[in-house]
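Numbering (the working numbering), first residue to last: 460 to 653.
Next up, the structure:
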């Protein structure tokens, strides 16, 4: 699939709070970091996974199973990310957060992010094909690398975002720069429609 031609729409100098959602291997962190770095205005990137990993001793690794402790640490990390985002926004600095938010888990889902960051949060879903996320996952190491079965299960659950009304970007055939440009155009449309 060729890269879509630029639409000319851009977020310009708007102060934004963006949540980039997608399965493991979708490119959320890489795209979020690139988008933040390429804006013309101060923009921070906040990765939920990075914040979760601030816990050194006693880290509840979700790969070992989702349980009360991993959920409590996830919620704490989300609140911490939300606090940081609100502080950045209050000081005129946009932010983009990234997380694998599941449409079928309202307890740890989009509603929680909106409570912690604010109602102006703009969620966008990155959802490349399964083969792409499996390839990207195979290149990972450490606790960010998941089993193929786990990646496939997460990817399948993310399909629940179709029909949600959220913008979805299939970045299967896009490089990071193109995906960040498409993200900016999607956000510009969301701002214009608000």
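Every residue gets a Cβ at the ideal spot worked out from N, C-alpha and C, and that includes glycine. All of these numbers come straight from a predicted model, not from anything done at the bench.
Quiz item: Skipping 5 residues on each side, what residues in its chain have a beta carbon closer than 7 Å to that of residue 532?
Solution: By 1-based counting over the chain shown, the position of residue 532 is 73. So the list reads 511, 514 and 519, once near-sequence residues are dropped.
Self-check item: Identity of the residues DSSP links to residue 476 by a beta bridge
Solution: Walking along the chain shown from the start, residue 476 turns up at place 17. DSSP output for residue 476 lists 554 as bridge partner(s).
Quiz item: Of the residues 645, 652, 470 and 651, which one's Cα is nearest the Cα of residue 553?
Solution: Residue numbering aside, residue 553 sits at position 94 when the chain shown is read from its first letter. Taking only the C-alpha atoms, the option nearest residue 553 is 470.
Quiz item: Any contact of the stretch 521 to 529 with the stretch 476 to 484, i.e. 3+ C-beta pairs under 8 Å?
Solution: no
Quiz prompt | Cβ neighbour criterion (16 or more within 10 Å) applied to residue 472 | solution = In the chain shown, residue 472 corresponds to position 13, counting from 1. Exposed, because fewer than 16 other Cβ atoms sit within 10 Å of the Cβ of residue 472.
Quiz item: Can you give the Cα-Cα distance for residue 613 and residue 548, rounded to whole angstroms?
Solution: Residue numbering aside, residue 613 sits at position 154 when the chain shown is read from its first letter. Residue numbering aside, residue 548 sits at position 89 when the chain shown is read from its first letter. Their backbone Cα atoms lie some 31 Å apart in a straight line.
Practice problem: Entirely within the stretch 556 to 644 and at least 4 residues each: give me those alpha helix (DSSP H) ranges in chain order. | Solution: 569 to 576, 589 to 597 and 607 to 617
Quiz item: Straight-line CA distance for residue 650 to residue 639?
Solution: Looking up residue 650 in the chain shown gives position 191. Looking up residue 639 in the chain shown gives position 180. So the alpha carbons of these two residues sit roughly 16 Å apart.
Quiz item: Under 8 Å, do residue 581 and residue 646 count as touching if we go by C-beta distance?
Solution: What you label residue 581 is simply residue 122 of the chain shown in a count that begins at 1. What you label residue 646 is simply residue 187 of the chain shown in a count that begins at 1. A contact, by the Cβ cut-off of 8 Å.
Exercise. Check whether the stretch 581 to 593 touches the stretch 477 to 497, taking contact to mean three or more Cβ pairs, one atom from each stretch, closer than 8 Å.
Key: yes
Quiz item: What does DSSP give as the partner residues of residue 504 in its beta bridges?
Solution: As a first step, residue 504 must be located in the chain shown, where it is residue number 45. Answer is 555.
Quiz item: Looking only at its own chain, which residues have a Cβ that is under 7 Å from the Cβ of residue 545, when we skip the five neighbours before and after it?
Solution: For this step, residue 545 is matched to residue 86 along the chain shown. So the list reads 576 and 577, once near-sequence residues are dropped.
Practice problem: Using 10 angstroms around the beta-carbon of residue 509, count the other beta-carbons present and answer buried if the total reaches 16, otherwise exposed. | Solution: Within the chain shown, residue 509 is the residue found at index 50, counting from 1. Classification for residue 509: exposed.
Self-check item: Residue of 555, 550, 551 and 587 minimising C-alpha distance to residue 493
Solution: The residue labelled residue 493 in the question sits at position 34 within the chain shown. Selected option, being the one with the closest Cα: 555.
Self-check item: Neighbourhood of residue 569 by C-beta, 7 Å cutoff - its chain only, sequence neighbours within 5 removed
Solution: The residue given as residue 569 occupies position 110 in the chain shown. Excluding sequence neighbours, residue 569 sits near 560 and 582.
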